[in-house]
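A.B. asks:
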Amino acid sequence: MPAGNVLVDGRPVQTNVSRKFFGDALLYFVSEVAIGLFSVFALPLFATHYPPELYGVWTQILVTTALVFPILTFGFQTTVVRFVSGERDPYRISALFHWMGLIILVVLLAVQLLIALTPGMLAKAVFSDAAFVNYVPLLGWFLAGFSLFSFELAFLRAIEQIKLLSVLNIAYAVGRLALLLVIASVFKGTLEDVVLG
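Residue numbers (the numbering used here): 1 to 197.
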């Protein structure tokens, strides 16, 4: 008999485990849909407030971040789910979180130092044009933020905090869209003003 079922009058009856699973899965699905919708809203914002080259820079920053963050985090976001899921000792979970987080922070600090020392070379490598050197720090901020955020979400997934994970996912999407709106309205659509300011 599967876990979470009990026999009542010879028939299996589901307990709270199934309801929790389906409730968490539904909430996570809603958060993923919300993230997709916020991305859809970001596209017209770019089309009306930014020149095409800045849309290209934004897209390149997002793609580079998605490709590089698993390397910067040593794949801890998947390791955490595998090894922390079965752990019940809160002190051990806390120790794992802090040690892995410290390793990621050290790597991210090294990356920020590399960005500060070689912005021209990185602009040429990432954006194929050294003229976009002013956007390299923005790439660094997104790398650091997304790496730490993904690591935190992995821990929440491992300790079965799916509701908090879903809320943070939505907050991240809203925050990213809000950043675009602020840049578009306050800085009149120039990312450069934010980076140089």
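Virtual Cβ for every residue (Gly too), placed ideally from N, Cα, C.
For Thr79, which of helix, strand or coil comes out of DSSP?
C.D. replies: Three-state DSSP puts Thr79 in a helix.
A.B. asks: Would you check if the distance between the CB atom of Ala173 and the CB atom of Ala34 is smaller than 9 Å?
C.D. replies: Cβ atoms of Ala173 and Ala34: closer than 9 Å.
A.B. asks: Can we say the stretch 151 to 171 touches the stretch 21 to 32, given the rule of at least three CB pairs closer than 8 Å?
C.D. replies: Counting Cβ pairs under 8 Å, three or more are found: they touch.
A.B. asks: Tell me the start and end of each unbroken alpha helix (DSSP H) in the stretch 87 to 168 that is at least 4 residues and wholly inside, in chain order.
C.D. replies: Counting only runs of 4 or more, we get 90 to 117, 119 to 127 and 136 to 158.
A.B. asks: So, under 8 Å CB-CB, Ile104 and Leu143 are touching, yes? Tell me the CB distance rounded to an integer number of Å.
C.D. replies: About 11 Å; that fails the 8 Å criterion.
A.B. asks: Assuming contact is defined by CB atoms lying nearer than 9 Å, are Val126 and Thr79 in contact in what I supplied?
C.D. replies: Not closer than 9 Å, so no.
A.B. asks: To the nearest angstrom, how far is the alpha carbon of Leu45 from that of Gly86?
C.D. replies: So the alpha carbons of these two residues sit roughly 44 Å apart.
A.B. asks: Are the CB atoms of Val81 and Ala221 within a distance shorter than 9 Å?
C.D. replies: Absent from the structure is residue 221, since the part of the chain shown begins at 1 and ends at 197.
A.B. asks: If you count every other CB in all the chains shown that lies within 10 Å of the CB of Val136, and 16 or more means buried, which is it?
C.D. replies: Val136 comes out buried.
A.B. asks: Along the alpha helix (DSSP H) that carries Pro51, what are the first and last residues, could you check?
C.D. replies: Here Pro51 belongs to no alpha helix (DSSP H), and DSSP marks it neither H nor E.
A.B. asks: Buried or exposed, going by whether 16 or more other CB atoms sit within 10 Å of the CB of Phe114?
C.D. replies: A small fix is needed here, since residue 114 is Leu in this sequence, not Phe. So Leu114 counts as exposed.
A.B. asks: Assuming Asp205 contacts Ile162 (C-beta within less than 8 Å), just tell me the rounded distance between them.
C.D. replies: Lying before the first or after the last residue shown, residue 205 is absent from the chain, which here runs from 1 to 197.
A.B. asks: Quick check: Leu218 and Val84, are their CB atoms within less than 9 Å of each other?
C.D. replies: Any question about residue 218 goes unanswered here, given that the chain covers just 1 to 197.
A.B. asks: Assuming Ala42 contacts Leu177 (C-beta within less than 8 Å), just tell me the rounded distance between them.
C.D. replies: Confirmed, about 6 Å.
A.B. asks: Would you say Leu148 and Leu181 are within 9 Å of each other, going by their C-beta atoms?
C.D. replies: Not in contact: Leu148 and Leu181 (Cβ atoms no closer than 9 Å).
A.B. asks: Apart from the five residues just before and just after Asn16, which ones in its own chain have a Cβ nearer than 7 Å to its Cβ?
C.D. replies: Same-chain partners within the cutoff: there are none.
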